[in-house]
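Undergrad: Below is the structure I would like to discuss, written out as structure tokens.
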Amino acid sequence: MHRWGCFATLLLACGHACFASSAPQPPQHGEDLLVTDNQIGRYGGTLVLAQRSEPKTLNPVTAADAPSREVIGRLTADLIHINRWTQNTEPALAKAWSVSNDGRVFTVKLRHGLRFSDGQPFDADDVVFSFQVYLDENVHSPQRDLLVVGGKPIKVQKIDQYSVRFTLAQPYAAAERIFDSLAMMPRHLLERPYKAGQFAQALTLNTPPAEIAGMGPFRVKQYIPGQRIVLERNPFYWKADRSKNRLPYLDELVFLFVGNEDAQAIRFQAGETDIISRLSAENYALLSKDVATRGTDFFDLGPSLEYDFLVFNLNDLRSKNLDSIAAKQAWFQAVKFRQAVSSAIDRDSIVKLVYTGHGAALWGNVSPSNKLWTDQMLPHTPYSLDRARELLKSEGFSWRSDGQLIDRQGVAVEFSVITSTSNAQRMKMATLIQDDLGKLGMNVHVVPLEFRALLDRVFQTYDYEASIMALGGGDADPNPEMNVWLSNGGTHLWRLGEARPATDWEALIDQLMQKQMVQLKYKERKHLYDQAQEIIAANVPFVFLATPNILVGARKNLGNFKPAILDPNTLWNVEQLYFIPGNGARPGEKP
Amino acid sequence: MTCAHSSCASALLRIHGLTVRYAASQEQSSPALVGVEFDIRRGETVGILGESGSGKSTLALSILGLLPVSTNITGSMLFENKDLLQFDESAWGTVRGTRIAMIFQDPGLSLSPVMRVGDQIAEVLRAHRPGPRKVRKQQVEAILRDVGLSQGDRIYGAYPHQLSGGELHRVAIAQALSCRPDVVIADEPTQSLDATRQAEILDVLREVNRKFGCAIIFITHNPALLAGFADRVIVMYAGRIVEEGPVPQVFRQPLHPYTKGLLQLVPASLQDPDRTRGQHLPALPGSLSHSDRSTRGCIFESRCFARTELCQSESPREVVPEEGRRVSCFNYEN
Amino acid sequence: MRKKQKIVAALMLLVALHLAILLAGFIAPYNPATQNRDFPFVPPTRFHFADARGHFHLRPFIYQWTVRPEGFNEYEEARGREYPVQFFVRGPEYTIAGLVRSDVHLFGVEGPARIFLAGSDGFGRDQFSRIMYGGQISLAAGLLATGISLFLGLLVGCISGFYGSWIDESAMRLVELFLVLPWLYLLLAVRSFLPLHISPTQTFFLLVAVIGTIGWARPARLVRGIVLSAKGRKYVTASRGFGATDSYILRRHVLPHTYGVLLTQAALLVPQYIVAEVTLSFLGLGVSEPVSSWGNLLANLQQYNVLASYWWMFAPALALVIISLGYLKVANAIHERLQSDSI
Amino acid sequence: MKYLERRVIHGLLLLIGVSILCFALSAAAPGNFFDEMKLNPQISPSTVAGLRARYGFDQPLVWRYGHWVESVLRGEWGYSFAYNCPVRSLLLVRARNTLILTGLATLLAWLIAVPLGVWTANRRGRWDDRLSMASTSLLLSVPELVIALVLLYWAVRIHTLPVGGMASVDFGGLGVQAKLFDLALHLVVPVTTLVLASLPLLVRHIRASMIEVLQAPFVQAARAHGIGGARLLFRYALPAAANPLSSLLGLSVGALLSGSLLVEVITGWPGLGPLLLDAALARDIYVVVGAVMASTLFMIFGGILADILLVAVDPRVRLGKV
Amino acid sequence: MRIEETARHALKPALAKAAGLSKRYVQRAPFSYKSFVIDALVDVEFDIAPASLTALVGESGSGKSTLARCLAMLEKADRGEIWFEGKEVSRSSDRELKALRPKIQMVFQDSAGALNPGFTAAQIIAEPLEVQRRESGARLHSRACELMEEVGLSPNWADRRPLEFSGGQRQRLAIARAIALKPAFLILDESVSGLDLSTQAQILNLLLDLQKAHSLTYLLISHDLGLVGQIADFVAVMQQGKIVEQGPRREVFANPRHHHTRELLASVRLLRSNFRTAQAGGR
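The following block contains the structure:
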């Protein structure tokens, strides 16, 4: 057994010896370090946290899953970064940028003298190379679509060693936000595989650490399949604190792979991990019971940006041979029907029973914690069965003597709601909604489906009547949401891929969203987006339900710990995190 | 009850009033053995004669303490003046196989099919005579030679199914004799063999008895086997001893009607010129299972050719018609 | 004698349990789907005989639970008013076996108090009622699916063991195939071909069919072994000597040997199949809300917070253990009897 | 070796059958690996379609199967979409971890079950036998899942056991002994679960076989020769019960790779379980097919092992006299 | 091998006959190429006269049982012919076999194993009748009771199961079952060897009675020459798959040709003479 262990360690750590030491390098002359204004910490320590699954790849261009992106985010850096705390953009590898008056040309000045984690210098060539890869159609990067503005890819030009020009085909509001999380990659390591057409296979988990380099605060030290990935300090990281201490403070960052949320909670409770992100409400309640004894802190950061909603299938079913569903679409298409459903859903119960109070009811797509874009004027339809009945009555619905709701033709209103079995919260919502709508005389069936089977129905076969899903949670800006609201968008869930807007209000939303996208002034843009939100809320294509609060836990002795609403909630400032010395140190800590 | 032998004080094994009742038996009232009593002296050969169901095997198992724990046993079994019935499992370990050993009916079944026969003999030695392996192997080979198996090596390494019937019997004898027991109980050891092999096995047993001086209790249903082999014969019927005496006397002049019946079963000769085709063989009427075990009278009454009124109502007492003999039959009372 | 008593005792227990579950409507005080949203995860109601003033009551009474002001899902008894436990009370309407319609329940209390014999779940639904009703589906499905599995297993096992040679070889390969196939995918595929909404009855038969057909491989293997040894018996040869056909020999001489194993298998499979519903629900093939089944009740235990905080959520597991112990006992007893009969 | 040749050919046929069915099933299951991207508003449908085409999803099933066979012949066992690497390298490490867990659990289960089964068979009907039968009945009726969760909860409460995973974070820096100790601590919960789950059936089978053997005449004979106690039970009776037990052991071995999925997922053991579950749900089909093939191999191997064992223990089989 | 004196019987055609019968068992151990070859029958020539009692003697493993099973059509020989009632039957079709079966019946050695322990006595006896559809329903049961009576068993025991009977009674059950179909030819494979002397005599007497009543032909297989020698008309001796001696009993006993027969006879005689001597009072 021992031999086996040695073998694996040997295999994965073989590159380690030829690496430069990971002790922080002293600042060098001409190095344009970014100075942070956090509390000055202390070097040392290993931060351990758990992830739902292991990263599948270390390749920032092809990675599509959250666990991979979480790890890659610590290994890489972007030009312009969204500060998770302020939700605003700030310079990162770019020292500064300027925008032309028409908003189409971005000129980015890079920091001088920065180096990748393997000690090689970083300059405009790396930036141009990185964008070349992202934009290459053959690489199939999920991020590519982000970089296609107005149907044309962004043009990238090197001006000199430390400046790059980006040209957009049309004005694009908050274009600088696109740069967030676009990792800058080392040309010296990746150009060869890229030219050989092997880019997708480069930077896998089996790649020796010596062949991986990034601009992030950490670099790969060791990967043990199925168990954990260990990152160590990037000695060349480009941030320093006020005392000119090069960040990060932590020696190592360890991601454990722990299959489910419950197991993660158990690990955290047992003290095996230092931070737990996105704790479920139930476990938050359970774990925060014994805060006092365990040296841990729990934070309720308030509502997330995600929105849970009920969506009715309004897709064009003519070619699909789904007559029974098509027959029901007459109800779903009636705005008053949807409004009645919305009124009859007891959102407070959802918040209370599903999120144990750690969530917020929603009436629109923008969460109350979205500092820039929440529409304060959005009406909150109160929970009212009477209003729901009124609405139904005015739409021609009536009730049989046994309380069953029937439509004009006397057909009993009965439909099913699909929901993913892997999401306990949404399953619960479905059960509550079923009960709520039952009071209206609607016969609702809950149909739990495995996640991909559900996606197949929603995106492919359209064989469903209503579905409970969730979207959002990425950026606070409206632009990434465009494809949800544009009638021809790929995520326009209630009616996918419309050639023309099917209704007037959808046409109106299209206009508003298109306008806000090119509007560079925040105030104007906010106004447009508010209007869109109001139209959405009034026509209820999605019956918005609730949003969970972001709940996290961490050791008490973690310095500079500042969890945020935006993803990654806890590690966004990982380079600033440090262990406050004292009696709260991790048990079994190496000196 | 009386002791048939004058020299009973010197008995090696002395069984007294042994009554055995199986707990799970269907007929709860009828014991498998009733008041059995006899002695075995050092070095003698005793035949126990009876049909199947007469209690012979129960007797053998009880002497070795192998009856199920739930069995109800009364009486006493004195072996060297120690009562075997009081023994616990560990005390039995010092007797079974080493002082009293048994040769089973069918060696094909009584030898483990998955062990080499040599090892099986060695196991018996190991259990009673601890010593180095090598020595044990030599001992086993010596014992095998004693029972007439000269190819010690081949036999030692063979599995039971690789040996012939005769060889298996010899192995079984060797196994029983490996610790030079004082008493060997042989339970119908020749039944499945043809006449030639039967004779050989009897020779071996006779030889063993002569050489090692161990007493042999030979259980059989065939009186012919006892002739010229056993010193004494005990005839059993339905769990009771009905007659006992030296083989020559009993065979010459059987007393109990049952003994008479058994003796006449042995065919006169191979070519009986008088016997016509299809003529019946001499046979005992009825069968043991017909006997009413709960009767107050003689247990053999229903099959007896000499029964009287008395036989139905009273059970006969044991009488000693002459020195060294006893019989339970009204014909000989008074 | 003793053996017979054992069987009778175990059988009586099983019959009583099944009867109770059949009469779920009458025994359960509430409708299993009724939510009490103010009372999620209420612990089992406590019965009292002595009230706050120290008076002794002959009729047990309960107190209403109220939410403790601080703390999440924590309750205390409202000592203000006693609610005596009543028998044969009127409550929600129910039907038994689709025949008898009634609204009389074995026991209950006056509203607004609620009697939660086994606590309540996350929606404030009475868990005891859910267990009783859930048992109807789970036990019936478990038994029926076991029947199918054993029937198929018996069929394949008999044919394979009896005819031997290539039939046996290919049947055993088929068994192995069934043991390793990624059923998940097949079930997902099955689900996608089914209509969107499947009624509880359809779901029930689906469960039965799916579990039953997947599970035949193991019993088939066991049956084959027994058939192999049974067909080598002398009396089978004797029977051939009379000119007995294969089917006669199978029917009269071979099959009876398999009964013991089949029974034991049945006792093992029923609880396994009840638990299997948890997996199937995950694939969208289980009974869905608000209908309860032991499978989806047990699934609650998969959540750590439920496991760690609400001990009464183990009640369905207990019910399953009791039932399957009953089955095992019966199987053991019958098996023993069969053994003592034959040898 | 005639026998082995036949077994190997049968095994190969089985493997081919399994692989074909796996492919057919995976094609029939709704959805595919790239579907999840559709939920991301920032990824366009055409990108998803491009990715699908890249991995041959626009090709007929037969073509994909052919490609897969080719990659099996190259020793890659297919390609994981999620990990962007050959399946074999993914499976090997995790299969090793699974084997550490299940090997130990199976070993322990047998080490406990054999003496217990033998002992209770010998003590049939007495109090200790009844106790053992009652507790195995109880264990049989408790679902594995519940056992695992309760043990895990217990581990959290007592604070001395790790509550998941295979090694502590500082594992790499430990000495050999400390490493083994660390591993042992992590093994406690999953191994106990597996042992408790598999023990009752084993004990019952062993007990039943032993009861049969203990009634055999040669056991009685051995007793008559003064051989008793453990020697009688283990030297005489147990080998004679080898026939049913060796096939039971074959089944145990056959289930080494596939028998611990649930427990691994719950206790976070880095074996095939979590990988397979993830892959199955994400429709990373080649990983699933690979894992299924691996467990088929084990089953075939288990069957052969059972026969070898039987031959080793039972000379009648060895010499062709059954 | 044929003996002149059988001319008398040769006039009547043999009821059953084996010609050049050979059977070889090849067993292969799982992990080796080596195979074990057992020649159970080697060119066996064998005649059975109608209404006679032929004793087949030989030690265990000599091939007696194989010969019996081949004659009973329970096993197929590799080579050679079997004639029954003047017809070659060894290559009969299934249907022909079914018609033939009732005429040839077999009684096995191990009566406990050859009777299904789960059946009652009546069911056991009725089985052949049921299989051949000779009787059904209540007639089946009453016929079984008649047969029980015929073999000396009380019909009161019809509902008992085999294990409640003694060895001799079980053998009677087996015989009753075998004669249920009124066969012409009865093969008794070591049918009396497990029994004690008194029971053996009773069973043999029963067989003699049945022979008289139904004009049966017997093939009585035994390892005990002394026993079967008492009643047999013909004796055949087998050794290692070959018939080394066959002929009328008197002929064989008086003038054994093969040394194996001679040895066997000598041992039987020795045992007998010992006994006679003892009875006569000598030692």
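Chains as they are written, first to last, in this note's numbering: chain Z, 948 to 1538; chain U, 37 to 370; chain F, 3 to 345; chain G, 27 to 348; chain H, 5 to 287.
Using N, Cα and C, we set each Cβ at its ideal position, and we do this for glycine too.
#1: Which of helix, strand or coil does DSSP assign to residue 160 of chain F?
#2: Leaving out five residues before and five after residue 139 of chain H in sequence, what residues of the same chain have Cβ atoms less than 7 Å from its Cβ?
#3: Taking residue 1056 of chain Z as part of the beta strand (DSSP E), name the residues at either end of that continuous run.
#4: Can you tell which of Z:1155, Z:1410, Z:1167, Z:1250 has the C-alpha that lies nearest to the C-alpha of residue 1516 of chain Z?
#5: List the residues of chain B whose Cβ lies closer than 8 Å to the Cβ of residue 241 of chain G, in chain order.
#6: According to the neighbour-count rule (16 or more other Cβ atoms, all chains shown, within 10 Å of its Cβ), is residue 184 of chain H buried or exposed?
#7: Could you give the DSSP three-state label for residue 1390 of chain Z: helix, strand or coil?
#8: With burial defined as no fewer than 16 other Cβ atoms inside 10 Å of the residue's Cβ, what is the status of residue 12 of chain H: buried or exposed?
#9: Along the stretch 319-341 of chain G, where does the CB come closer than 9 Å to a CB of chain U? Name the residues.
#10: Can you tell which of U:314, U:58, U:47, U:87 has the C-alpha that lies nearest to the C-alpha of residue 259 of chain U?
#11: Per DSSP, residue 1028 of chain Z forms a beta bridge with which residues?
#12: Under 8 Å, do residue 1063 of chain Z and residue 1069 of chain Z count as touching if we go by C-beta distance?
#13: Take the Cβ of residue 110 of chain U as the centre, count every other Cβ of all protein chains shown within 10 Å, and call the residue buried at 16 or more, exposed below.
#14: Compare the Cα-Cα distances from residue 1141 of chain Z to each of Z:1266, Z:1243, Z:1009, Z:1264 and report the closest residue.
#15: With DSSP as the reference, identify every bridge partner of residue 243 of chain H, one or two as the case may be.
#16: Please state the DSSP three-state secondary structure of residue 1496 of chain Z.
#17: So, does the CB of residue 65 of chain F fall closer than 8 Å to a CB anywhere in chain Z?
#18: What is the DSSP secondary structure of residue 55 of chain G, counted as helix, strand or coil?
#19: Under the rule that 16 or more other beta-carbon atoms within 10 Å means buried, what is residue 68 of chain H, buried or exposed?
#20: Apart from the five residues just before and just after residue 1143 of chain Z, which ones in its own chain have a Cβ nearer than 6 Å to its Cβ?
#21: Which value, in whole angstroms, describes the spacing of the CA atoms of residue 60 of chain G and residue 1236 of chain Z?
#22: Does the beta-carbon of residue 87 of chain G have 16 or more other beta-carbons within 10 angstroms, so that it is buried, or is it exposed?
#23: Would you mind listing the beta strand (DSSP E) stretches within the stretch 1065-1151 of chain Z that are 3+ residues and don't spill past its ends, in chain order?
#24: Quick check on DSSP: helix, strand or coil for residue 295 of chain G?
#25: List, from N- to C-terminal side, the beta strand (DSSP E) runs of 3 residues or more that fit wholly inside the stretch 968-1034 of chain Z.
#26: Comparing the C-beta of residue 359 of chain U with each C-beta of chain H, is any distance below 8 Å?
#27: Nearest by alpha-carbon distance to residue 1492 of chain Z: which of Z:1310, Z:1052, Z:1061 is it?
#28: How long is the line joining the alpha carbons of residue 203 of chain U and residue 173 of chain H, rounded to whole angstroms?
#29: In terms of residue numbering, what span does the beta strand (DSSP E) encompassing residue 87 of chain H cover?
#30: Are the CB atoms of residue 79 of chain F and residue 96 of chain F within a distance shorter than 8 Å?
#31: Can you give me the Cβ contacts of residue 236 of chain H inside the same chain, cut-off strictly under 8 Å, excluding the 5 residues immediately before and after it?
#32: Please classify residue 353 of chain U: does DSSP put it in a helix, a strand, or coil?
TA: In short, the structure shows the following:
#1: Within the third sequence, residue 160 of chain F is the residue found at index 158, counting from 1. Here residue 160 of chain F sits in helix by DSSP.
#2: Residue 139 of chain H sits at position 135 when you count from the first residue of the fifth sequence. For residue 139 of chain H, where only same-chain residues beyond five positions count, the Cβ hits under 7 Å are 133, 147.
#3: Walking along the first sequence from the start, residue 1056 of chain Z turns up at place 109. Looking at the DSSP string, the run of the beta strand (DSSP E) that includes residue 1056 of chain Z is 1052-1057.
#4: On the first sequence, residue 1516 of chain Z is found 569 positions in, with the first residue counted as 1. For the residues Z:1155, Z:1410, Z:1167, Z:1250, the minimum Cα distance to residue 1516 of chain Z belongs to Z:1250.
#5: In the structure shown, chain B does not exist; the protein chains are Z, U, F, G and H.
#6: Taking the first residue of the fifth sequence as position 1, residue 184 of chain H is located at position 180. Classification of residue 184 of chain H: buried, given that the 10 Å Cβ count is 16 or more.
#7: Indexing the first sequence from 1 puts residue 1390 of chain Z at position 443. It is a strand residue.
#8: Position 8 of the fifth sequence, counted from the first residue, corresponds to residue 12 of chain H. Low per-residue confidence applies at residue 12 of chain H: pLDDT is 47, beneath 50, and the placement is therefore not dependable enough to give any value.
#9: 339, 340, 341
#10: Within the second sequence, numbered from 1, the residue matching residue 259 of chain U stands at position 223. Closest by alpha carbon: U:87.
#11: Within the first sequence, numbered from 1, the residue matching residue 1028 of chain Z stands at position 81. The partner list for residue 1028 of chain Z (beta bridge, DSSP) reads Z:1037.
#12: Counting from 1 along the first sequence, the entry for residue 1063 of chain Z is found at position 116. Counting from 1 along the first sequence, the entry for residue 1069 of chain Z is found at position 122. Yes, these two residues count as a Cβ contact at 8 Å.
#13: Walking along the second sequence from the start, residue 110 of chain U turns up at place 74. By the 10 Å Cβ count, residue 110 of chain U comes out exposed.
#14: Counted from its first residue, the first sequence places residue 1141 of chain Z at position 194. Of Z:1266, Z:1243, Z:1009, Z:1264, the residue nearest in Cα terms is Z:1009.
#15: Translated into the one-based positions of the fifth sequence, residue 243 of chain H becomes position 239. Answer is H:246.
#16: By one-based count along the first sequence, residue 1496 of chain Z stands at place 549. Residue 1496 of chain Z: strand per DSSP, three-state reduction.
#17: The count along the third sequence starts at 1 and reaches residue 65 of chain F at position 63. Not one chain Z Cβ lies under 8 Å of residue 65 of chain F.
#18: Counting from 1 along the fourth sequence, the entry for residue 55 of chain G is found at position 29. Three-state DSSP puts residue 55 of chain G in coil, outside helix and strand.
#19: Within the fifth sequence, the letter at position 64 stands for residue 68 of chain H. Looking at its Cβ environment, which holds 16 or more other Cβ atoms inside 10 Å, residue 68 of chain H is buried.
#20: Counted from its first residue, the first sequence places residue 1143 of chain Z at position 196. There are no such residues.
#21: For the purposes of this step, residue 60 of chain G is taken as residue 34 along the fourth sequence, with counting starting at 1. For the purposes of this step, residue 1236 of chain Z is taken as residue 289 along the first sequence, with counting starting at 1. One C-alpha to the other measures close to 40 Å.
#22: Stepping through the fourth sequence from its first residue, residue 87 of chain G is reached at position 61. So residue 87 of chain G counts as exposed.
#23: 1102-1107, 1110-1114
#24: As a working mapping, residue 295 of chain G is identified with position 269 in the fourth sequence. The answer is coil: DSSP assigns residue 295 of chain G none of H, G, I, E or B.
#25: 993-998, 1027-1029
#26: Position 323 of the second sequence, counted from the first residue, corresponds to residue 359 of chain U. By this cut-off, residue 359 of chain U is not an interface position.
#27: In the first sequence, residue 1492 of chain Z corresponds to position 545, counting from 1. Measuring from the Cα of residue 1492 of chain Z, the nearest candidate turns out to be Z:1310.
#28: Numbered from its first residue, the second sequence carries residue 203 of chain U at position 167. Numbered from its first residue, the fifth sequence carries residue 173 of chain H at position 169. So the alpha carbons of these two residues sit roughly 32 Å apart.
#29: Your numbering for residue 87 of chain H matches position 83 in the fifth sequence. Residue 87 of chain H -> beta strand (DSSP E) spans 83-88.
#30: Position 94 of the third sequence, counted from the first residue, corresponds to residue 96 of chain F. Position 77 of the third sequence, counted from the first residue, corresponds to residue 79 of chain F. It is not a contact, given that the beta carbons lie outside the stated cut-off.
#31: Position 232 of the fifth sequence holds residue 236 of chain H. Closer than 8 Å at Cβ, skipping near neighbours: 57, 58, 59, 224, 253.
#32: Counted from its first residue, the second sequence places residue 353 of chain U at position 317. If DSSP states are grouped into helix, strand and coil, residue 353 of chain U belongs with coil.
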